[in-house]
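Read through the structure below, which is laid out as C-alpha cells, and then see the notes.
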Amino acid sequence: MHPRQPTALVLLLAAALCPAQTDWRQELLLPPVRYPAFTFDPVRGFALAFGGDTDRGLSGETWLWNRVEWQRAVTANRPAARQQSALVFDHARSVSLLFGGTDAAGARLQDTWRFDGVDWTQLQPASAPPARSLHAMVFDAARSTVLLFGGVGAPFGELGDTWEWNGANWVQRTSLHAPPPRSGAAMACDLVRQRVVLFGGSCFQYGPCWRGDTWEWDGVDWIDRTQPWPVPAPPPRWSHGMAYDAATARTLVLGGSDDPGHYHYDLWAWDGTNWSWLQPAQQPPPRLGHGFAFDPGTQRVLAFGGETWFNLLGDLWSFAGGTWQLLDPGMSPPLQILERTEAMASDGDGVLWCGGDVTVYGMQTWRWDGGRWRYLPSAAGPRSPEHHRLQWLPPAGRIVLHQPFRSTLQPEQTLGFDGQTWIPFAPLHQPGVQSGADLALDPRFDRLVLFGGRDASGLRGSTWTFDGADWQLLAVAGPSPREDHAMALDVAGGRVILFGGRNAAGDLGDTHAFDGQQWQLLQPARAPSPRRDHAMAYDLGRQRIVLHGGRVLGGVVDDTWEWTGSDWEQRLTPVQRPGFAHALAYDPRSERLLGIGGFVRGTWSYGAAAPGTIATFGGACGGSLGTPATWTPFGQRPYTGGAFTAGFVNLPGPLALAAVGLSATSWGGTPLPYNLGPFGFPNCDLRVEPTAVSWLAPAGGAAAWTLQVPGAPALVGVQLFVQALALDPNGPAGLAATPGVRLQIGGR
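Under our numbering, the sequence shown has 836 at position 490, and the numbering climbs by one with no breaks.
In C-alpha cells, the structure reads:
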C-alpha cells in the first residue's frame, strides 16, 4: 500500500474523532429474580413480570411472556425499581394494577400504577393504603374490586388492614373479624364460591414466626376457615405462591419458606372445605418469592422465578392436569454463589456454558445464541461439576470438558460435546488432577494443554496434553507448581500465556509462555498484581489476551489487563466488573468477550467501544481456479496499532494486485462499481477506488495482503476498501476479481 497519500488523507478525515476505548457492559436479559410483581393479562394474552430483586440489583424492567418467549417491554413511563410489590390484573378495567413495594434504598412505597399493555401510568387516588411491601393483593371478581391485605409497613411493623380499589380510589374496609397482621401472605379469588381465600404469611413481630391459617373474605367480613390438626393443611409458610385454578375450581399454593434457608416445593389445593397435598411426579425446584398466576387461555397455572438455596431462579413452569411442565428455563443459567462450579468456552461459532448445583439442578449446559442463553436439555455430563475446564479442540470438532477427580463416585473424566450431549472419551491415561488446573488450546491447534493444579500429594507443576484420544505427560520443565492460575492461547503470537495463581507462599504474579515444546519465563515491563482465580480469554478480532479480575489477599480485584504479544497493558474501563472464579470466552458472533459468574451475577460482555469490522460487498468474477474469495485468518479485525491481514484465494497466475481506496462509490468522479466489460473482461466490475495498489504473489491461488495500521486514535472509524484482481487467461472473463472488502478501523 502506498505509505503517504492514503495515510495523510485518513488522518485529515478522522482528525475530529475521539480516542476509542474498551469497556464492560451488562447484557439486557430477563434475569433470575425473586419477589417480582407477576400477573396474567387475559385480554392481551401475556404474563407480565415487573421489577424484583435480580442479579443486577433491583429491577425496574417490564417483561412479557407471550406463551412462546419472553420479550422486554420498552415503555415511556414506568414505576421505580422495586421488589416485594403486588400486581394483579383488574378484570373490571382491563388493566394490570401495581401497588407498593420496597425500593433500592430500602424505603417502602405507597404508589399505585396501572399497565395497559403499552405503557405504565401512575394513578393519583385521593386516599391510599400506607406504604408497605410483602402485602397480598387479588382481584375480587364477585365485587369487581382489587382487594389488598397486610404487608410490612414503614418503618417496620406487620399490618392487618384491608383495602379495596374501585378503579378510582382506595377504600379501607373494616370488618367484625380479620386475620392477624402478617406479611408475605398470599390470596386468590375462588370464582365458584365468590370468595377471596388468604393463606399463611409471617408474624415476625413475635420473633421467627410463620402462619398456617386459612381465611376467606365474602365482601363483608373475614371468616377463619382454619381446621385444627390433624386435618391436613399446608405447613406454615410465607412468600409462597397462590392462584385460583379455574380448570379444577381449586385454589393452589406452591412453595414458600418456614425458616431461613428452608424452601418448600410442595403443592396444595383448597376446594373450599379441605386442603389436599398434590404430589405430581415432577416438581419445580423449591422456592420462595416467586410469581404465581393463572392463564385462562391455556387453563394453566404459571410459576415464575424466585429464590432457592444458592441462587435466584428465572425459570417459568406451568401446571395443568396434575403435571408440571418447564415452559422456559430463563434467559441465563442458574448461576451459583459457590466457587468454581461453572466453565465456558467458544467453539468458533458460539459460546457454551457448563455448570452445576448438586442441591437443585445438577449439571446444566447452555449456549449463547442470538443475544441470549438457551438451555440444552438433552445434554448430560458430571452430576455436579466443580473445578472443571472447557476448551475447544478443532481436530475432534468438540468442546472438551475435563472434570478433575472429586470422589470415588465422581472420578476424573474427559468428555466431548457433540452439539447435543456430552460423550465420554476413553483415554488410557488421566492427568490425575483434583483441582485448580487450567486448560488451553496448544499453539499447534491439534491438542489441549493442561498445567498445574493440585492432587492428593499437593501442588503440581506438570504439563499434560490431550489430542482427542489420550492424555500425555510432557517431559518439559515448566512454571513452579501452582493452582488457580489462568491460561489462554495467544493465536497471533503462537504461544500459550500463563499468569499468576498461588502456591504455599501466596499469590503469584509471573508470566510464562508455552510454544508447544517448552515453557519460557517472560519479563514484561508491566504486569497485573499477583492474584488467583482470575479469568483469561483471547479476543480474536483484536488479537489480544484479556485478563480480568481475580482474588488477592484481602479481597477481589476488578481490573482488566490485555496481553499485547510482548507486554501487559492495563485498560481503564469506565465500567468496573469485579469477579473471581468466573468464566470468560470469546463470542465470534458479537466479536466480544462474554463473561459470566464470579459472584457478580448476570452476563457481561467486553470489547471495543468502536470495534473494527470487515464486510464483503458485490460479487466476484472469473475464476479458472474457482470463484475468487476473501478470508481473514482467525477472524481478526482491523485495529489501530496492529497489523491486519486479508487473505485472497483462487487468484490465478504468479502476479495479482490489491486495489486499495477510500471510496466504493466513486473514482475521480466516475461512479463505482465500474464495468470492465468494454476492456475485454465481461461481467467484471472494479468495485473500489484504486488510490493505492499493492502487488501480490499468489501461491497455489492464495495470496495475503497486510495493512499495518498506525496507533493513532484519529484513525478509529475510518473506512478502507480493498479488491484483489488478477489476469486469468483460462477463465471465462479473462480476469479473476474478488468481491469488494469494506474495512472499518477500530480502536483497541
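C-beta: ideal position from N, C-alpha, C; glycine also.
Mark Gln417 as exposed unless 16 or more other C-beta atoms lie within 10 angstroms of its C-beta, in which case mark it buried.
Residue environment for Gln417: exposed (fewer than 16 other C-beta atoms within 10 angstroms of its C-beta).
Cβ contact check for the region 770–783 and the region 795–811: 3 or more pairs under 8 Å:
Verdict: yes, contact present.
Could you check what DSSP says for Pro741 in three-state terms: helix, strand or coil?
Three-state DSSP puts Pro741 in a helix.
For Leu1032 versus Pro1019, is the C-beta distance shorter than 9 Å?
Their beta carbons are under 9 Å apart, which means Leu1032 touches Pro1019 by this criterion.
In whole angstroms, what separates the C-alpha of Pro1085 from that of Ser936?
Between Pro1085 and Ser936, the C-alpha separation is close to 23 Å.
How about Pro731 and Leu747: do their beta carbons lie closer than 9 Å?
Yes. Within cutoff.
Looking only at C-alpha atoms, which of Gly972, Pro984, Ala393 sits nearest to Ala1072?
Here the closest residue by C-alpha is Gly972.
Quick one: what's got a C-beta closer than 6 Å to Met483's C-beta in the same chain, skipping five residues either side?
These residues qualify, in order along the chain: Ala432, Val434, Leu494.
In whole angstroms, what separates the C-alpha of Pro1036 from that of Val1087?
Whole-angstrom Cα-Cα distance: 13 Å.
Does DSSP classify Val706 as helix, strand or coil?
Low local confidence applies: a pLDDT of 49 at Val706 is under 50, so the model's placement there is unreliable, with the coordinate-based value given in what follows. Val706: coil per DSSP, three-state reduction.
Helix, strand or coil at Ala726 according to DSSP, with G and I counted as helix:
Looking at Ala726 - three-state DSSP - the assignment turns out to be coil, as it is neither helix nor strand.
Limits of the unbroken beta strand (DSSP E) element including Met588
First-last of the beta strand (DSSP E) with Met588: 587–591.
Pro770: first and last residue of the uninterrupted beta strand (DSSP E) it sits in
Run containing Pro770: 768–770, per the beta strand (DSSP E) assignment.
Flag this pair as yes or no: are the beta carbons of Phe990 and Thr976 separated by less than 9 Å?
Result no, Cβ atoms of Phe990 and Thr976 do not sit closer than 9 Å.
In DSSP terms, what Met533 is bridged to
DSSP lists Leu544 as partners of Met533.
Compare the Cα-Cα distances from Pro545 to each of Ala534, Ala487, Pro475 and report the closest residue.
Looking at the sequence provided, one finds Phe at residue 545 rather than Pro. The residue with the shortest Cα to Cα distance from Phe545 is Ala534.
Under three-state DSSP, which class holds Leu374?
Leu374 falls in the coil class under three-state DSSP.
Grab me the residues of Cys1030's own chain with a C-beta within less than 6 Å of its C-beta, minus the 5 sequence neighbours each way, in chain order.
Within the same chain, Cys967, Leu1022, Ala1079, Leu1081, Ala1083 come within 6 Å of Cys1030 by CB-CB distance, once the 5 residues on both sides are set aside.
Just how far apart, CA to CA, sit Ala649 and Ala859?
Their backbone Cα atoms lie some 51 Å apart in a straight line.
In whole angstroms, what separates the C-alpha of Trp914 from that of Thr986?
Here the C-alpha atom of Trp914 lies approximately 17 Å from the C-alpha atom of Thr986.
Nearest-angstrom Cα separation, counted from Pro924 out to Val704:
Summary for Val704: the model assigns pLDDT 47, below 50, so the residue's position carries little reliability; its value from the coordinates is reported in the next sentence. Going from the Cα of Val704 to the Cα of Pro924 covers about 26 Å.
Assign Glu415 to buried or exposed, taking buried as 16 or more other Cβ atoms, counted over all protein chains shown, within 10 Å of its Cβ.
Residue burial annotation: Glu415 is exposed, with fewer than 16 other C-beta atoms found within 10 angstroms of its C-beta.
Per DSSP, which residues does Leu747 bridge with? Please list them.
DSSP output for Leu747 lists Leu736, Leu761 as bridge partner(s).
With contact counted as at least three CB pairs below 8 Å, one residue from each stretch, are the region 731–742 and the region 790–805 in contact?
Yes, the region 731–742 touches the region 790–805.
Between the CA atoms of Thr760 and Pro979 - distance to the nearest angstrom
Using only the alpha carbons, I get a separation of about 30 Å.
Measuring CA to CA, which of Val464, Arg478, Asn512 is closest to His437?
When C-alpha distances from His437 are compared across Val464, Arg478, Asn512, the shortest belongs to Asn512.
What's the call for Pro468, buried or exposed, on a 16-neighbour Cβ count within 10 Å?
Rather than Pro, the amino acid found at residue 468 in this sequence is Gln. When all chains shown are included, Gln468 counts as exposed.
According to DSSP, what are the bridge partners of Arg489?
Bridge partners of Arg489: none, in fact.
What's the C-alpha gap between Ala500 and Gly651?
Straight across, the Cα-Cα distance linking Ala500 with Gly651 is about 26 Å.
What's the gap between the Cα of Glu688 and the Cα of Ala929?
About 7 Å.
Exposed or buried, which one is Arg713 when buried takes at least 16 other CB atoms within 10 Å?
Buried is the call here.
Taking the DSSP output, what are the residues bridged to Ala1002?
Looking at the DSSP assignment, Ala1002 forms a beta bridge with Leu1042.
Put Leu1095 into one of helix, strand or coil per three-state DSSP.
Absent from the model: residue 1095. The displayed extent of the chain is 347 to 1094, so no value can be given.
Just to confirm, are Leu1001 and Ala1070 a CB contact at a threshold of 9 Å?
Contact: no.
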